[in-house]
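Per my numbering: the sequence shown = residues 8 to 259. Even for Gly, the Cβ is constructed at its ideal location relative to N, Cα and C. Since the structure is predicted, the reported quantities are computational estimates derived from the model, not experimental observations.
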Amino acid sequence: MLNLLSNLSKPERVYLGISMVLIACGLALHQTLISELLTADFNRVSRVFGDLFWGSISEFGDAHLVLPLVVLLCLRKPSDGWTIAIAVIGAAVAAGGLKDFFDAPRPSMENVYQLHVIGPEVKTRSFPSGHTLTAFTGLGLIALLRQQYLWLVMAALVALSRMAMGAHWLADVLFGAGLGLLVALAAAWAHGRIRSGGRKLNWTVLPVLALFAAINVHYDSTLPSDPFVDAFALWVLTVFGYRLFQQRQNKA
Numbered sequence: 008m009l010n011l012l013s014n015l016s017k018p019e020r021v022y023l024g025i026s027m028v029l030i031a032c033g034l035a036l037h038q039t040l041i042s043e044l045l046t047a048d049f050n051r052v053s054r055v056f057g058d059l060f061w062g063s064i065s066e067f068g069d070a071h072l073v074l075p076l077v078v079l080l081c082l083r084k085p086s087d088g089w090t091i092a093i094a095v096i097g098a099a100v101a102a103g104g105l106k107d108f109f110d111a112p113r114p115s116m117e118n119v120y121q122l123h124v125i126g127p128e129v130k131t132r133s134f135p136s137g138h139t140l141t142a143f144t145g146l147g148l149i150a151l152l153r154q155q156y157l158w159l160v161m162a163a164l165v166a167l168s169r170m171a172m173g174a175h176w177l178a179d180v181l182f183g184a185g186l187g188l189l190v191a192l193a194a195a196w197a198h199g200r201i202r203s204g205g206r207k208l209n210w211t212v213l214p215v216l217a218l219f220a221a222i223n224v225h226y227d228s229t230l231p232s233d234p235f236v237d238a239f240a241l242w243v244l245t246v247f248g249y250r251l252f253q254q255r256q257n258k259a
């Protein structure tokens, strides 16, 4: 164990430490009055920014925006595409299993705190926050691989958006953020092995992600930001198609 820790870089050790703290806090606050009261307070304060703002931020934790974003960011480094795709899929599987295990009620189940709810009112499977887990996995991994840590600010905003939208409790987003960082760290550790697959193999992931992005253009979450997300996905697909066309022209 100590040998493994010594092999981690400083940013990776920071990721590990923060993830452990967040996971512990999320578990400690799960279904507690403190978590509920802090969520209710933030939900009230956050209304000043409006539904469109929080709905748009929340999209960065959803696959139908994350997939085209990964395609766009990985055009120059396709090897990153495999790493991020596998990490996000792993995070989604983990989130689904944990949601079923805990089966915790959402804030909108009874809404005793009169929370402002944006989007569909889901009643169950609250713990952990899947959007937060996806955001901290995908964006956290991009930050770690590219050493561009401002992506973590966006991930944190996604976590806040889930409370602002009345979709999750504070404990849900804390645990989701911690687990997301842990998955991102594990994926970054395995990145060298995935990258060794070669350029031809690495490029195969981008058409697959682009296909899923195209399918998700028709996804409707009833959020006010959906038209903007659809436009972004279509733009990314256009850029991706142009890059493939350029490659064919260069080979001809």
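Applying the criterion that 16 or more other CB atoms from any shown protein chain within 10 Å of the CB defines a buried residue, is residue i buried or exposed?
{"i": "K106", "result": "buried"}
{"i": "G24", "result": "exposed"}
{"i": "F108", "result": "exposed"}
{"i": "R169", "result": "buried"}
{"i": "T46", "result": "buried"}
{"i": "A98", "result": "buried"}
{"i": "I125", "result": "buried"}
{"i": "F143", "result": "buried"}
{"i": "M116", "result": "exposed"}
{"i": "D110", "result": "exposed"}
{"i": "S16", "result": "exposed"}
{"i": "A166", "result": "buried"}
{"i": "L80", "result": "buried"}
Could you tell me the alpha carbon to alpha carbon distance between residue i and residue j, rounded to whole angstroms?
{"i": "S65", "j": "L146", "result": "13 Å"}
{"i": "L181", "j": "K84", "result": "31 Å"}
{"i": "F134", "j": "H175", "result": "8 Å"}
{"i": "D48", "j": "R132", "result": "22 Å"}
{"i": "G62", "j": "V95", "result": "21 Å"}
{"i": "D87", "j": "H123", "result": "38 Å"}
{"i": "L152", "j": "V119", "result": "43 Å"}
{"i": "N14", "j": "G104", "result": "31 Å"}
{"i": "G204", "j": "L74", "result": "Unreliable placement is indicated for G204, whose pLDDT of 47 sits below 50; the coordinate value is still reported in the next sentence. Answer to the nearest angstrom: the Cα atoms are 21 Å apart."}
{"i": "G33", "j": "V78", "result": "32 Å"}
{"i": "L208", "j": "A193", "result": "Residue confidence is low: L208 scores 43 on pLDDT, short of 50, so the model does not pin down where it sits. Its coordinate-derived value is still stated next. Distance between the alpha carbons of L208 and A193 is about 21 Å."}
{"i": "G68", "j": "A163", "result": "10 Å"}
{"i": "H37", "j": "S136", "result": "12 Å"}
{"i": "I91", "j": "E43", "result": "33 Å"}
{"i": "R206", "j": "L177", "result": "Here the model assigns R206 a pLDDT of 47, short of 50, so the residue's position is not dependable, and the following value carries that caveat. Distance between the alpha carbons of R206 and L177: 42 Å."}
{"i": "R113", "j": "Q121", "result": "13 Å"}
{"i": "A102", "j": "V55", "result": "30 Å"}
{"i": "D179", "j": "V28", "result": "14 Å"}
Residue i and residue j look like a contact to me (Cβ under 8 Å); what is the Cβ gap, rounded to whole Å?
{"i": "I30", "j": "L186", "result": "6 Å"}
{"i": "S26", "j": "L148", "result": "Rounded, the Cβ-Cβ distance is 13 Å, inconsistent with contact."}
{"i": "G173", "j": "T139", "result": "Actually they do not touch by this definition, with Cβ atoms about 15 Å apart."}
Residue ranges of each alpha helix (DSSP H) within the stretch 113 to 179, 4 or longer
137 to 153 and 158 to 171
Ignoring anything shorter than 4 residues, give me the alpha helix (DSSP H) runs that lie fully in the stretch 63 to 106, in order along the chain.
70 to 80
If you scan the stretch 12 to 63 from start to end, which runs of the alpha helix (DSSP H) of 4 or more residues do you find wholly inside it?
17 to 36 and 40 to 53
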